[in-house]
DNA sequence: CATCGTTGATACAACGTTGTAAAGACGGCC
DNA sequence: GGCCGTCTTTACAACGTTGTATCAACGATG
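Chains as they are written, first to last, in the working numbering: chain A, 1 to 340; chain B, 1001 to 1340.
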């Protein structure tokens, strides 16, 4: 069994509370006793029981990170950065997976609470705004990506509309005229924003927007991207460029294009979103929107820190983090095509 | 403040313990009272305070997962599976990143303990065997991948030697004669095992083993794979196949091969290890060793469960989980080569 | 000398939960 | 009617920690 304050106290010949005082740096402890206690602490290798301390103090030392799936590279990379940022504030990170279902997202939020974590960083996918206002978890929340329309909740994300507009603008700049979009989604807020940016860019360029060029995707996985691309290629007039709402969709699209004997970008240019590490190594490498993930992680953790510190009363923040367009072979065409 | 058992008890007009009994599914509660309590539970939206429950039960409700980097697809995928398996045992998962340094791995282990987590699943990279015996964390540990030579610690992994031998055997089967290996590492145990399997397969086939065909890699990232491949291609007699010790190295190698105008697999075949999701979509798709990651996660969590439950101090387990050779385009050559 | 403030140490209660034991209610049996 | 066993509920203590109140010793002050 673990060493408790009592064990240390017995060994040092003082009361439990005096040991507690030493551990917590209380000033008024006689030098002699302090020395004895410190010796006993070292000898026993005492570690405070976090559960008990939390119970008494109402603090936990944990924050939760709620994401759809860690196996999605974007979230894996983000999780690593959140863990690093949290560690700097002496927080450990508890990770929950929702697999993108609304029920699981709601369950996760409901199961969180002041007794478990000090705050939570949530990357919702299917969550509705009222799910958040309904069940107040009683701890500071920071939303990533999605913006909860009405709920007064902190929010960190890049400007999805502008980012999408930038990506599609780049396709226009390299001369594409039939530009498709993959990733439309009925409930995902970011999907709507990226679609809006896509449309804005087409409008800017005075291009038509045939409905057939916008393909939905329910899951943003490679498989869906491949299927969507196949659908586009069955059109009477296929597109000459595709804007995918994330890099996984783009990876699938890339694969399908190759299977159909299309040259990328000569026949069809492809742009992604997220800048997964793998996208710099695909064949061809993928032009993509690169959000500053470290900035997202740092900002989110810092918001929780400030809320917990108790200035609680500042208004809900809506923070935009920087992004960049990473131009690679899938649009500029110097790709080292795989020889036959 | 959160709802407690007391609040529910007051509302239902019964004792705290009766509410506790209902919550925990104790059989002997009068139907009438059970109904009243359940109503009160629903009305108040009661959630048990995990800290208090665990304090009482002598468990923390957490297990730790210690991995090098979540942004490495293998660990991202594994983490998701561990979280799922842990959830089935009412455990939340605390994730620590070590970034593969021995110091960080040691620190992580030292900071763990019975006060924080009930057990830990550790995927060591640079850790030496005595680091484990030195600092007994006082909780059940399960090692993944690496085998701690002397320490009596549970261990879950595939048979790395056999897997490597199978992979390289496949290269032999398709007629390759100069087979290189990328990923040699001075301290990583799995590297040694995979190298042993590689050598065994070459010996089986009666092939020579020139030293120049074994290339080290300190980090198993795409970049290292690309560099190693470039090195191989500078040889007077380059290899006609490469066995990479993980899929990331293979992804880098694939990229470099294409950049140098080599056809995969016609000019050079490539095999990876881990079966990252992305490897099914690369161009060409990657032949690789596919460990049963779900089996690894389930087995590891179950071992911890048994140890924690365990009056039964059973001897340290050394469990081998299944794997399969996933044959794809990078060796069998029906790749949809990207047209120029 | 009485009083006061400072320093140092401790006992006790409390956080929310559950295990233990004991007490109460009920029916069936002799 | 008395006794026993089964069902049902409750009071109490305990998990390890810390905040509050209390107490004791001491020197300084009036």
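Glycine included, each C-beta is placed from N, C-alpha and C at the ideal position.
{"Asked": "So with CB distances below 7 Å, who are the chain A contacts of residue 1116(B)?", "Found": "50"}
{"Asked": "For residue 278(A), would you say it is in contact with chain B, using Cβ-to-Cβ distances shorter than 8 Å as the test?", "Found": "yes"}
{"Asked": "Is the separation between the beta-carbon of residue 1062(B) and that of residue 1141(B) shorter than 8 Å?", "Found": "no"}
{"Asked": "Go through its chain and collect everything with a Cβ distance to residue 293(A)'s Cβ below 7 Å, but skip five positions before and after it.", "Found": "77, 78 and 81"}
{"Asked": "Which residue or residues does DSSP assign as beta-bridge partners of residue 1288(B)?", "Found": "1272(B) and 1326(B)"}
{"Asked": "Excluding five sequence neighbours on each side, which residues of the same chain lie with their C-beta closer than 8 Å to the C-beta of residue 338(A)?", "Found": "Any reading at residue 338(A) must be qualified, since the residue scores a pLDDT of 47, below 50, and its modelled position is unreliable; the value itself is stated next. Only 283 meet the Cβ criterion."}
{"Asked": "Distance check for residue 1234(B) and residue 1326(B), CA to CA, integer angstroms please.", "Found": "29 Å"}
{"Asked": "Would you identify the three-state DSSP class for residue 183(A), choosing helix, strand or coil?", "Found": "strand"}
{"Asked": "Pick out whichever of 162(A), 163(A), 123(A) and 168(A) has its Cα sitting closest to the Cα of residue 357(A).", "Found": "A question about residue 357(A) goes unanswered here, because the residues of chain A that appear run from 1 up to 340."}
{"Asked": "Which residues of chain A have a Cβ atom closer than 7 Å to the Cβ of residue 1255(B), listed in chain order?", "Found": "281 and 283"}
{"Asked": "Any beta-carbon of chain B closer than 8 Å to the one on residue 270(A)?", "Found": "no"}
{"Asked": "Counting C-beta neighbours from all protein chains within 10 Å, is the total for residue 1028(B) 16 or more, i.e. buried, or is it exposed?", "Found": "exposed"}
{"Asked": "When Cβ atoms are compared, which residues of the segment 217–239 of chain A fall closer than 7 Å to chain B?", "Found": "222"}
{"Asked": "Could you spell out where the alpha helix (DSSP H) holding residue 72(A) opens and where it closes?", "Found": "Note, residue 72(A): premise wrong, no alpha helix (DSSP H); not H, not E."}
{"Asked": "Going by alpha carbons, who is nearest to residue 1257(B) out of 1237(B), 1285(B), 1287(B) and 1226(B)?", "Found": "1226(B)"}
{"Asked": "Are the beta-carbon atoms belonging to residue 206(A) and residue 162(A) less than 8 Å from one another?", "Found": "no"}
{"Asked": "Please name the residue, chosen from 220(A), 139(A), 236(A) and 13(A), that lies closest to residue 250(A) on a Cα-to-Cα basis.", "Found": "220(A)"}
{"Asked": "To which residues of the same chain is residue 1266(B) closer than 7 Å at the C-beta, ignoring the five residues directly before and after it?", "Found": "1333"}
{"Asked": "Who are the Cβ neighbours of residue 1202(B) in its own chain at under 6 Å, not counting the five residues just before and after it?", "Found": "1209"}
{"Asked": "Out of 101(A), 19(A) and 144(A), which has the shortest C-alpha to C-alpha gap to residue 120(A)?", "Found": "144(A)"}
{"Asked": "Tell me the start and end of each unbroken alpha helix (DSSP H) in the segment 1010–1063 of chain B that is at least 4 residues and wholly inside, in chain order.", "Found": "1016–1023, 1031–1044 and 1050–1057"}
{"Asked": "To the nearest angstrom, report how far apart residue 228(A) and residue 159(A) are at their CA atoms.", "Found": "25 Å"}
{"Asked": "Can you tell which of 47(A), 273(A), 102(A) and 247(A) has the C-alpha that lies nearest to the C-alpha of residue 5(A)?", "Found": "47(A)"}
{"Asked": "Is residue 155(A) helix, strand or coil by DSSP?", "Found": "strand"}
{"Asked": "Is it right to say residue 1310(B) is buried, meaning 16 or more other beta carbons lie within 10 angstroms of its own, or is it exposed?", "Found": "exposed"}
{"Asked": "Residues in the segment 1060–1077 of chain B with C-beta within 7 Å of chain A's C-beta atoms, listed in sequence order?", "Found": "1060, 1069, 1070, 1071, 1073, 1076 and 1077"}
{"Asked": "Taking only beta-carbon positions, decide if residue 55(A) is within less than 8 Å of chain B.", "Found": "yes"}
{"Asked": "Going along chain B in order, which residues have a C-beta closer than 8 Å to the C-beta of residue 342(A)?", "Found": "Residue 342(A) is absent from the structure shown; chain A starts at 1 and stops at 340."}
{"Asked": "If I measure Cβ to Cβ from residue 100(A) and keep anything under 8 Å in the same chain, skipping five residues before and after, which residues do I get?", "Found": "68, 69, 125, 126 and 219"}
{"Asked": "Can you give me the C-alpha to C-alpha distance between residue 1031(B) and residue 1054(B), rounded to a whole angstrom?", "Found": "29 Å"}
{"Asked": "Run through the DSSP bridge pairs and tell me what residue 1092(B) is partnered with.", "Found": "1062(B)"}
{"Asked": "Thinking just about the alpha-carbon of each residue, which of 1087(B), 1102(B), 1094(B) and 1097(B) is nearest to the one in residue 107(A)?", "Found": "1087(B)"}
{"Asked": "With DSSP as the reference, label residue 1338(B) as helix, strand or coil.", "Found": "Because residue 1338(B) sits at a pLDDT of 47, beneath the cut-off of 50, its placement in the model cannot be relied upon, and the point is left open."}
{"Asked": "At the 8 Å Cβ level, is residue 138(A) part of the contact set with chain B, yes or no?", "Found": "yes"}
{"Asked": "Candidates 1084(B), 1322(B) and 1174(B): which alpha carbon is nearest residue 104(A)'s?", "Found": "1084(B)"}
{"Asked": "List the endpoints of the continuous beta strand (DSSP E) containing residue 1318(B).", "Found": "1318–1320"}
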